[in-house]
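Colleague: First to last, the sequence lines map onto chains A and B. Here the first sequence stands for residues 1 to 536, where the numbers follow UniProt numbering. Here the second sequence stands for residues 1 to 536, where the numbers follow UniProt numbering. Built from N, CA and C at the ideal position, the CB exists for glycine as well. These numbers come from a predicted model, not from an experiment.
2 protein chains.
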Amino acid sequence: MAKQKKQPRPKAQTPKGFQDYFGADVTARNEMLSKIAAVYHRYGFDALETSAVETVEALGKFLPDVDRPNEGVFAWQEDNDWLALRYDLTAPLARVAAQFRNDLPSPYRRYAMGPVWRNEKPGPGRFRQFYQCDADTVGAPSVAADAEICAMLSDTLEEVGIPRGDYIIRVNNRKVLNGVLEVAGLSGDDKEVERGIVLRAIDKLDRLGVDGVRALLGEGRKDESGDFTKGAGLSDAQADVVMGFVDANAGIDEKLRNAAEVASVLGSENVNALSNAYDSPFTALFGRDIGASEVRNTVVLAHLEELVRDSEVGTAGVSELREIVLMLESQGYFSDRIIIDPSVVRGLGYYTGPVYEAELTFEVTDEKGRPRNFGSVAGGGRYDDLVKRFTGQAVPATGVSIGVDRLLAALRAKGRIESAERGPVVVTVMDRDRMADYQSMVAELRAAGIRSEVYLGNPKNFGNQLKYADKRNSPVAIIAGADEFDQGIVQIKDLILGAEIAKNATLEEWKDRPSQYEVPRAQMVAKVREILDGQG
Amino acid sequence: MAKQKKQPRPKAQTPKGFQDYFGADVTARNEMLSKIAAVYHRYGFDALETSAVETVEALGKFLPDVDRPNEGVFAWQEDNDWLALRYDLTAPLARVAAQFRNDLPSPYRRYAMGPVWRNEKPGPGRFRQFYQCDADTVGAPSVAADAEICAMLSDTLEEVGIPRGDYIIRVNNRKVLNGVLEVAGLSGDDKEVERGIVLRAIDKLDRLGVDGVRALLGEGRKDESGDFTKGAGLSDAQADVVMGFVDANAGIDEKLRNAAEVASVLGSENVNALSNAYDSPFTALFGRDIGASEVRNTVVLAHLEELVRDSEVGTAGVSELREIVLMLESQGYFSDRIIIDPSVVRGLGYYTGPVYEAELTFEVTDEKGRPRNFGSVAGGGRYDDLVKRFTGQAVPATGVSIGVDRLLAALRAKGRIESAERGPVVVTVMDRDRMADYQSMVAELRAAGIRSEVYLGNPKNFGNQLKYADKRNSPVAIIAGADEFDQGIVQIKDLILGAEIAKNATLEEWKDRPSQYEVPRAQMVAKVREILDGQG
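1. Would you decide whether T14 of chain A is buried or exposed? Buried here means 16 or more other CB atoms lie within 10 Å of its CB.
2. So with Cβ pairs under 8 Å, would you call A436 of chain B a contact of chain A?
3. Based on the DSSP output, what are the partners of G423 of chain B in its beta bridges?
4. Applying a beta-carbon distance threshold of less than 7 Å, which residues of chain A neighbour H41 of chain B?
5. Give the DSSP-derived three-state secondary structure of E224 of chain B in the structure shown.
6. Any beta carbon from chain B within less than 8 Å of R389 of chain A's own beta carbon?
7. Nearest by alpha-carbon distance to Q491 of chain B: which of B:N464, B:M524, B:F462 is it?
8. Return helix, strand or coil for E120 of chain B, following the three-state DSSP convention.
9. Run through chain B and tell me which residues come within less than 8 Å of E359 of chain A, C-beta to C-beta.
10. Leaving out five residues before and five after F245 of chain B in sequence, what residues of the same chain have Cβ atoms less than 6 Å from its Cβ?
11. Could you pull the start and end residues of the alpha helix (DSSP H) that R309 of chain A belongs to?
12. Under 8 Å between C-beta atoms, does Y21 of chain A make it to chain B?
13. Exposed or buried, what is G353 of chain A when buried is set at 16 or more other beta-carbons lying within 10 Å of its beta-carbon?
14. Is there at least one Cβ from chain B nearer than 8 Å to E530 of chain A's Cβ?
15. How big is the Cα-Cα spacing for L328 of chain A and E54 of chain B?
16. Are the C-beta of Q468 of chain B and some C-beta of chain A separated by less than 8 Å?
17. I'd like to confirm something about V210 of chain A: is its beta-carbon nearer than 7 Å to some heavy atom of the ligand GTP, or not?
18. What are the residues of the segment 331–359 of chain B that lie near chain A, defined by any Cβ-Cβ distance shorter than 8 Å?
19. Would you list, in chain order, the members of the segment 171–202 of chain B that have their beta-carbon closer than 8 Å to a beta-carbon of chain A?
20. Taking Cβ positions only, does G457 of chain A come closer than 8 Å to chain B?
21. Could you please give me the residues that DSSP links to E78 of chain B through a beta bridge?
22. State whether the segment 46–53 of chain A contacts the segment 410–422 of chain A, with contact taken as three or more CB pairs (one from each stretch) at a distance under 8 Å.
23. Cβ closer than 7 Å: which chain A residues qualify as neighbours of E54 of chain B?
24. Is it buried or exposed, D310 of chain B, if we count other Cβ atoms within 10 angstroms and call 16 or more buried?
25. So which residues of chain B does K471 of chain A contact, with C-beta pairs closer than 7 Å?
26. Of the residues A:R174, A:T137, A:Q19, A:Y455, which one's Cα is nearest the Cα of P124 of chain A?
27. Anything in the segment 124–145 of chain A with a Cβ closer than 8 Å to a Cβ of chain B? List those residues in chain order, please.
28. Can a CB atom of chain B be found closer than 8 Å to the CB of E222 of chain A?
29. Nearest to V116 of chain B by CA position, among B:Q129, B:P105, B:Y108, is which residue?
30. Quick one: which unbroken alpha helix (DSSP H) runs of 4-plus residues sit fully inside the segment 138–186 of chain B? Chain order, please.
31. State the start and end residues of the unbroken alpha helix (DSSP H) segment that holds Y438 of chain A.
32. Is Q99 of chain A close to chain B, meaning its C-beta is less than 8 Å from at least one C-beta of that chain?
33. Under 7 Å Cβ-Cβ, which residues of chain B neighbour Q491 of chain A?
34. Could you work out which residues of chain A lie near K11 of chain B, taking near to mean beta carbons separated by less than 8 Å?
35. Quick one, are the C-beta atoms of S452 of chain A and R337 of chain A less than 8 Å apart?
36. Considering Cα atoms alone, identify which of B:E219, B:L208, B:A201, B:R207 is closest to V242 of chain B.
Right, dumping it as structure tokens:
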């Protein structure tokens, strides 16, 4: 006896940083995943589901797109090997692309969806297991692959319920970034630290604004809490180059307003003229009435080309972006959906070409009731060296990852997902000995496709049964005791209407019980269907 | 340089015992999971998705339904805690039921689906990550909950494509087993070892047959390889009791043949008479024409009742089974779908009442070409003590787990799942500079709901493009070069028909290329749709 007492009871607790999902949260996510999968599939991508567990060797120990070598993976030792949970869906893809390279079609286009795990300090709204939903093309050198993924991302967002105008896909090119760094005199091997600071600063444009970024390019910046972040120590001339790049869209907006004005007053020839002024080769596209959104990307590109004209890699990068824009526009994707945005950085030392991210542009209120932009829900880009780790051979690849949980949160914030689903019809138990009769009632309801169940708790207290139905958000309760069985009838209670009446009715109205119906047993299914249809 | 060489390339390998799933294997599983979820949902179960990671403390260290304490979980230490991957979906449910007991409805009916992980020695066809798909009712003392799960299991199997007659759900009750052990004089505390041997022996009935089980009840059994398994050492009289129980169905079959004969010749009154002879209280049910399947369970129960009449727990167990049979029959589930089977054991020391398992009854050929029964694909039962570990309070629960991967394998063995899915329409690239035109072709196809893509590899070798389409199992290829663009046409190749012709045609026929069509660009989508529809 004493021995048994020593064993304390285990704590029933979700591990720190993890979460359990109930009911509608699970089904809404599954529905979203299958909508996304349908779009990916229509674009020709094949499903892949790798194991959640990888060897640490295959995974690489650290997250690829952060510069924090101490944050990492959940890993454990087995014999001589270390195993770990995947931290994203790209590393397993690289492993698969190398392992099955002789069997897979090339290019290999795959989509994958599922949880990933990160061994990070848990924080509010920061979980150690979350869903990703990726599509990647491995073995496609052409930027057509990048353009396609941007188009697909746009289609996907609209498919899951984000209407056009509520999102924007921003596209940049690491080669253009590198070109700007080169022009600013930051391309030497000895400038790696500065480059890192500059890229991180650019990445924070939407949070810090132009002045904040400018400060980080120079001496540094003190934030609201008084903490000081050391800057890159650039000269004013160097910083001007970088800021002229980062802030390109602001200048462009001004020009576009004029361009749009000109176009609307004088017709499309003037847009051609404007386009020519920016040295664009895309004038052929503009032989028709167009709005500002249709020239914006072309104008931005002309501006960028100007900025990096002295850098070979920069010029190549702009030319790639031009190809992307051309291909997107030929399919009708203009800058109302996809824009060239120099401020997109997306991680360090991982992407090698085009990078893209999807941002939701509507405001939501945060926990403290303040409005803020919802922000990024997906991102990706071209990474050409991931498979090389395994095979020694560079394989060009590009892909996107959607943060499913953030996207769900966005739809919820916009009221586009029901937070609670309708519960089952509950057949209550008035007489324990008639369980078989109650079971045949639900069998009939289910055969008619109506979600339903017999109350399976202790039936003694009838009030508990109705409380249960209420907790389940049940639309209807069926009630039948000895009297009802004798008469061959059932009582059907409209619980939604009942709750409304209970809220608003006088005692008299309440007594009339207009939310409860007595029908012959044979009409039970039809009456329940009628009530459910009426509830909408 | 030398330093870099020391770093060997990582091996691209799925960890031992794990597996990657491609294309149709992933989509077929997802489709099956959503069909199962739909049935569970219709039965009133709510979705739950717990984290893959649990504390070892909450999980309990060992698998609950095996007696091998050294086999277990994937676990790792974090600060003072040990974390582990869940090994099933029931342990996390117990944790959730305890943790959220004040918020969840009671009974709590939940379904869950997802991978589970077992740290076992990998073997052929034996994986360390596999899917489960569970439904459980927590807080329902009534065996109505067990009956319902058996009915649901039957509906689920038919929903995913196992027709009636190709499966059987076997139901037993641990209380009846205990009753038999009591009658056989094996109920004492000092008989635990013998009880374990007897239960394991019964569990092996389908593999060892009656004689094999009998041998294990006595001195022991030598298997084909010459290995000797020590028996329980029961006396002949004791073994007779157990065998009379295990073998109940064989004897019943004989009796049923007579009963069916009698019923068919003399009408249903005789079935009532037969039923009365077995002291059944269910005669009221038989007031109509019925076949052997409708009395079988009643007759088996009468036989079991006879066997355990001297055991209180055994009698209570039979009475529970009777309630289950009554409820199932009131919904039309007879012994053609669900039978009482005394040989069902399902693990040791875990289940406390009714147990059930679903077996597929059709034969498949194994790796060595031998026919064998497909066997069990799902199982479960009543376990009343799982939540008690956390709260100290016993909570009655019952549930089922479907082995999704085995069920998929069964459908595949029966040819009911396509092993390869149709690939995308491939728009080939004859002219690299017209990428935007090719992209707008796929945009049109996709807008019409047709799965399609532009070839994104190096377009130089056109043969590679067609090989790619072949590898993707593509139904159609679109071909358009300078000539076609000049004429405003496209070439559309029916690849399925083309492959058939290539197999069977003479050179002359081949030259006619009847599988390739030249159509105006504007008719491309319509022609592709026509070809796809023709391919079925």
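Modeller: Reading from the atomic positions:
1. Your numbering for residue 14 of chain A matches position 14 in the first sequence. Classification for T14 of chain A: buried.
2. Counting from one through the second sequence, the residue named residue 436 of chain B turns up at place 436. By this cut-off, A436 of chain B is an interface position.
3. Stepping through the second sequence from its first residue, residue 423 of chain B is reached at position 423. According to DSSP, G423 of chain B bridges with nothing at all.
4. Start at 1 with the first residue of the second sequence, and residue 41 of chain B comes out as number 41. Result: R451.
5. Position 224 of the second sequence, counting from 1, holds the residue named residue 224 of chain B. Coil at E224 of chain B, not helix or strand.
6. Indexing the first sequence from 1 puts residue 389 of chain A at position 389. Yes, R389 of chain A counts as interfacial toward chain B.
7. On the second sequence, residue 491 of chain B is found 491 positions in, with the first residue counted as 1. Cα-wise, what sits closest to Q491 of chain B is B:M524.
8. Position 120 of the second sequence, counted from the first residue, corresponds to residue 120 of chain B. In this structure, E120 of chain B counts as coil in the three-state DSSP scheme.
9. Walking along the first sequence from the start, residue 359 of chain A turns up at place 359. Under the 8 Å cutoff, chain B gives no residues; its nearest Cβ is about 23 Å from E359 of chain A.
10. On the second sequence, position 245 is the one that residue 245 of chain B refers to. Cβ within range, chain order: V180, L307, P342.
11. Within the first sequence, the letter at position 309 stands for residue 309 of chain A. Taken as a continuous stretch (DSSP letters only), R309 of chain A belongs to no alpha helix (DSSP H), as it is neither H nor E.
12. The residue labelled residue 21 of chain A in the question sits at position 21 within the first sequence. Yes, because at least one Cβ of chain B sits closer than 8 Å to the Cβ of Y21 of chain A.
13. The count along the first sequence starts at 1 and reaches residue 353 of chain A at position 353. G353 of chain A comes out buried.
14. As a first step, residue 530 of chain A is located in the first sequence; it is residue number 530 there, counting from the start. Chain B, which has no Cβ nearer than 8 Å to the Cβ of E530 of chain A, makes this no.
15. What you label residue 328 of chain A is simply residue 328 of the first sequence in a count that begins at 1. What you label residue 54 of chain B is simply residue 54 of the second sequence in a count that begins at 1. Going from the Cα of L328 of chain A to the Cα of E54 of chain B covers about 46 Å.
16. Looking up residue 468 of chain B in the second sequence gives position 468. The sequence shown places Tyr at residue 468 of chain B, not Gln. Closer than 8 Å: yes.
17. Within the structure as shown, the ligand GTP is missing, as the structure has no ligands at all.
18. Q331, G332
19. none
20. Against the first sequence, residue 457 of chain A aligns to sequence position 457. At least one chain B Cβ lies under 8 Å of G457 of chain A.
21. For the purposes of this step, residue 78 of chain B is identified with residue 78 of the second sequence, where counting begins at 1. In DSSP, E78 of chain B forms a bridge with B:D81.
22. no
23. Residue numbering aside, residue 54 of chain B sits at position 54 when the second sequence is read from its first letter. Per Cβ cutoff of 7 Å: P15.
24. Taking the first residue of the second sequence as 1, we reach residue 310 of chain B at position 310. Exposed, since its Cβ has fewer than 16 Cβ neighbours within 10 Å.
25. For the purposes of this step, residue 471 of chain A is taken as the residue at position 471 of the first sequence. The contacting residues are P105.
26. Numbered from 1 along the first sequence, position 124 holds the residue referred to as residue 124 of chain A. Of A:R174, A:T137, A:Q19, A:Y455, the residue nearest in Cα terms is A:Q19.
27. R128, Q129, T137, G139, A140, P141, S142, A144, A145
28. On the first sequence, position 222 is the one that residue 222 of chain A refers to. For clarity, residue 222 of chain A is Lys in the given sequence; the question names Glu instead. Taking Cβ atoms only, chain B never reaches closer than 8 Å to K222 of chain A, which makes this a no.
29. Reading the second sequence from its first residue, position 116 is the one you call residue 116 of chain B. Looking at the Cα atoms, B:Q129 is the closest of the given residues.
30. 144–160, 174–183
31. For the purposes of this step, residue 438 of chain A is taken as residue 438 along the first sequence, with counting starting at 1. Element bounds for Y438 of chain A: 435–447.
32. As a position in the first sequence, residue 99 of chain A is number 99, starting the count at 1. With 8 Å as the cut-off, Q99 of chain A counts as an interface residue toward chain B.
33. Here residue 491 of chain A refers to the residue found at position 491 when the first sequence is read from its first residue. Under the 7 Å cutoff, chain B gives no residues; its nearest Cβ is about 19 Å from Q491 of chain A.
34. Within the second sequence, numbered from 1, the residue matching residue 11 of chain B stands at position 11. In chain order: T55, E57, A58, F390.
35. In the first sequence, the residue the question calls residue 452 of chain A occupies position 452. In the first sequence, the residue the question calls residue 337 of chain A occupies position 337. In this structure, R337 of chain A does not lie closer than 8 Å to S452 of chain A by Cβ.
36. Position 242 of the second sequence, counted from the start, is the residue given in the question as residue 242 of chain B. Selected option, being the one with the closest Cα: B:A201.
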